[in-house]
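Enquirer:
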Amino acid sequence: MALRKLVEWDGTNYFGFVNIGCDLDSHDIPLAKEALVFIITAINDTWKIPVGYFFINSITAQQKAILVLQCVSLLAETGANIVTLTFDGAATNKAMSSHLGCDLLNYFFIQNDHKIYMWPDPCHNIKLIRNTFGDKKVLIDHQGNKISWFYIILLHKIQNNEGLHLGTKIKKDHIEYVKQKMKVRLATQFLSASVADALEFCRDIGIPEFLGCDGTIQFIRIFNNLFDIMNSRNMRAKGRKRALAKFNVEETKNFFENVEVYIKHLKFLDGTLVIDSNRSTGFRGFIVCMKSLFALYNTLIAQENSTLNYICTYKLCQDHLELFFGSIRAKCGFNNNPSACMFRAAYKRLLVHAQFKDSATGNGLQLEKITILNASAINSTTGNSRLVESPDDITMNLENLDDHDYIFPTLTEYAHHVVEYIAGFVVRKLKKTITLRNMYPEHVRKYSK
8 MALRKLVEWD GTNYFGFVNI GCDLDSHDIP LAKEALVFII TAINDTWKIP VGYFFINSIT
68 AQQKAILVLQ CVSLLAETGA NIVTLTFDGA ATNKAMSSHL GCDLLNYFFI QNDHKIYMWP
128 DPCHNIKLIR NTFGDKKVLI DHQGNKISWF YIILLHKIQN NEGLHLGTKI KKDHIEYVKQ
188 KMKVRLATQF LSASVADALE FCRDIGIPEF LGCDGTIQFI RIFNNLFDIM NSRNMRAKGR
248 KRALAKFNVE ETKNFFENVE VYIKHLKFLD GTLVIDSNRS TGFRGFIVCM KSLFALYNTL
308 IAQENSTLNY ICTYKLCQDH LELFFGSIRA KCGFNNNPSA CMFRAAYKRL LVHAQFKDSA
368 TGNGLQLEKI TILNASAINS TTGNSRLVES PDDITMNLEN LDDHDYIFPT LTEYAHHVVE
428 YIAGFVVRKL KKTITLRNMY PEHVRKYSK
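According to this note's numbering, the residues represented by the sequence shown are 8 to 456, in order.
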């Protein structure tokens, strides 16, 4: 978390310098510009607790690896069983995992005779994949199909021109994402099943520009399903969003095997494999997550004496740390750049008092109520409707219309299907609230005899 470089006197000590727990006192110590925070989240309960922080100016991958190992060792003394290490795709984190001895083949490290599996944050992975797709514009899959960014631009354009959306949330912000590339919401709404369905619909009704979008549809569906699995929260969800358990483990395993082959064969236009390029972080991150998830299943669920029946992968993501940072900023007056002294005060207050409500404007959204284990608790429109054609195309004599005559505009095939769907949706909703007996009581009595 970013800090303001500022030295403050609290009446006893000066704060604002780098401090990694060594209690060094020198005028040569640089000012801290970041806070490195460690937090643990329970996978078999609904609580989280920060366990330490360090004020840093810069930190090497080796130093970070040492701090991780020390943190795990101290937590082991309390009886906590640490099973995963979650981090984002920053360069130092990738190098840190190398110092811990982890890569695509060896996706865990051993500390205190326990395996700890790497978990590159899926939210960060999906943003990196969207960024790679948006920057390169075109990818090639293992079947030679083109995965093109321009189909999304065409979809956005046709939705704006028609004034009707195909059940997607695609807007200008999703296309021009550069200034908001940290927003997970924009990436997940972009690589979503609704966008794949919209592209498939445009192809099926014969819009010429969408006739070659099969590869793009498959790409979006694969990463939508993959992210759903990596973001599961309960057993009552449908499809891929359901938590991993014994009844769906084989289906998930087969899906993962196909996805791994798919990712490893993705290429850029020049023939370079994405997995071997400098844009591979998000793709490699998902491969590591898939391997770690099944290793967790075999360790925590498949064993006969296991007390865990399913794994909610949302508990493993980095959102809990991001939301904790949001609470600290709220305690500091919603300050995005607090000083080290302000950070320390807010950190302590969150541990011993109460948690602020998480802001809805942050990079991550709270999907589940996971509170800090503190001491006391031990419809916008486009405005340009193209629903009807130009008034010059409608040749009706309005003066001769009776009171009960209606104008039915000429619809494009796109608009016809959308209006038909909306009408069906309205009917289905009305059917739940209006019964046949209330509408036609005499007919109901007649036919019931």
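We put the beta carbon where it would ideally sit given N, CA and C, even for glycine.
Secondary structure at Thr-378, three-state DSSP: helix, strand or coil?
Expert: Of the three classes helix, strand and coil, the one that applies to Thr-378 here is strand, per DSSP.
Enquirer: Anyone know if the C-beta pair for Gly-222 and Ile-177 falls short of 7 Å?
Expert: no
Enquirer: Please report how far the alpha carbon of Asn-119 lies from the alpha carbon of Ala-83, in whole angstroms.
Expert: 8 Å
Enquirer: So, helix, strand or coil for Ser-65, using DSSP?
Expert: coil
Enquirer: Could you say if the region 141-152 and the region 217-235 meet the contact criterion of at least three C-beta pairs nearer than 8 Å?
Expert: yes
Enquirer: Taking three-plus beta-carbon pairs below 8 Å as touching, is the region 343-362 in contact with the region 88-103?
Expert: no
Enquirer: How far does the alpha helix (DSSP H) with Thr-440 in it reach, from first residue to last?
Expert: 420-440
Enquirer: Across the region 205-213 and the region 258-272, are there enough close Cβ pairs to call them in contact, namely three or more that are closer than 8 Å?
Expert: no
Enquirer: Indicate whether the contact test is met: 3 or more Cβ pairs, each with one atom in the region 9-17 and one in the region 336-345, closer than 8 Å.
Expert: yes
Enquirer: Could you have a look at Thr-306 and say whether DSSP puts it in helix, strand or coil?
Expert: DSSP places Thr-306 in helix when its eight states are reduced to three.
Enquirer: Note down the Cα distance separating Val-426 from Lys-355, rounded to an integer number of angstroms.
Expert: 55 Å
Enquirer: In the DSSP assignment, find the beta strand (DSSP E) that holds Ala-42 and state where it starts and stops.
Expert: Taken as a continuous stretch (DSSP letters only), the beta strand (DSSP E) holding Ala-42 covers 41-48.
Enquirer: Are Pro-129 and Met-237 closer than 7 Å when you measure CB to CB?
Expert: yes
Enquirer: Check Leu-161 in the structure and name its three-state DSSP category.
Expert: helix
Enquirer: Should Cys-324 be labelled buried (16 or more other beta-carbon atoms within 10 Å of its own) or exposed?
Expert: buried
Enquirer: Taking its Cβ as the centre, do 16 or more other Cβ atoms sit within 10 Å of Cys-29, making it buried, or is it exposed?
Expert: Looking at its Cβ environment, which holds fewer than 16 other Cβ atoms inside 10 Å, Cys-29 is exposed.
Enquirer: Could you tell me whether the region 109-116 touches the region 158-170, using the rule of 3 or more Cβ pairs below 8 Å?
Expert: no
Enquirer: Compare the beta carbon distance of Ile-282 and Lys-298 with 7 Å and say whether it is the shorter of the two.
Expert: No, Cβ-Cβ distance for Ile-282 and Lys-298 is not below 7 Å.
Enquirer: Can you tell me which of Ala-430, Tyr-428, Lys-322 and Lys-338 puts its alpha carbon nearest to the alpha carbon of Ala-49?
Expert: The residue with the shortest Cα to Cα distance from Ala-49 is Lys-322.
Enquirer: Start and end of the alpha helix (DSSP H) containing Leu-193?
Expert: Segment 191-197, the alpha helix (DSSP H) holding Leu-193.
Enquirer: Return the CA-CA distance between Ile-136 and Met-189, expressed in angstroms with no decimal places.
Expert: 12 Å
Enquirer: Candidates Asn-231, Ile-46 and Tyr-184: which alpha carbon is nearest Ile-160's?
Expert: Tyr-184
Enquirer: Could you check if Asn-312 is buried or exposed, using at least 16 other CB atoms within 10 Å of its CB as the buried criterion?
Expert: The Cβ neighbour count for Asn-312, taken over all protein chains shown within 10 Å, is under 16; the residue is labelled exposed.
Enquirer: Identify whether Val-145 lies in helix, strand or coil by the three-state DSSP scheme.
Expert: In this structure, Val-145 counts as strand in the three-state DSSP scheme.
Enquirer: Assuming Ala-194 contacts Ile-133 under a Cβ cut-off of 8 Å, what Cβ separation, rounded to an integer in Å, is found between them?
Expert: 5 Å
Enquirer: Short of 7 Å in beta carbon distance, which residues of its chain neighbour Tyr-124, apart from the five on each side in sequence? Order them along the chain.
Expert: Val-90, Thr-91, Tyr-114, Phe-115, Ser-299, Ala-302 and Leu-303
Enquirer: Quick one: Cα of Ala-68 to Cα of Thr-99, how far?
Expert: 5 Å
Enquirer: Rank Ser-104, Ala-252 and Leu-218 by C-alpha distance to the C-alpha of Thr-306 and give the top, closest one.
Expert: Ala-252
Enquirer: Under the DSSP definition of a beta bridge, which residues are partnered with Tyr-60?
Expert: In the DSSP secondary-structure assignment, Tyr-60 is bridged to Val-44.
Enquirer: Measuring CA to CA, which of Lys-274, Val-268, Leu-233 and Lys-439 is closest to Thr-320?
Expert: For Thr-320, the nearest C-alpha among the options comes from Leu-233.
Enquirer: For Thr-139, which residues in the same chain have their Cβ closer than 6 Å to its Cβ, ignoring the five residues on either side in sequence?
Expert: Arg-286
Enquirer: Output the distance between the C-alpha atoms of Ala-244 and Ile-117, rounded to the nearest integer angstrom.
Expert: One C-alpha to the other measures close to 34 Å.
Enquirer: Do you know how far the Cα of Ala-42 is from the Cα of Gly-292?
Expert: Those two C-alpha atoms are separated by around 24 Å.
Enquirer: Quick check on Tyr-60: buried or exposed, where buried means 16 or more other Cβ atoms within 10 Å of its Cβ?
Expert: The residue is buried, with at least 16 neighbouring Cβ atoms inside 10 Å.
Enquirer: When the distance is taken between beta carbons, is Gly-23 closer than 7 Å to Ala-353?
Expert: no
Enquirer: For Val-433 and Leu-418, I'd like the C-alpha separation in whole angstroms.
Expert: 19 Å
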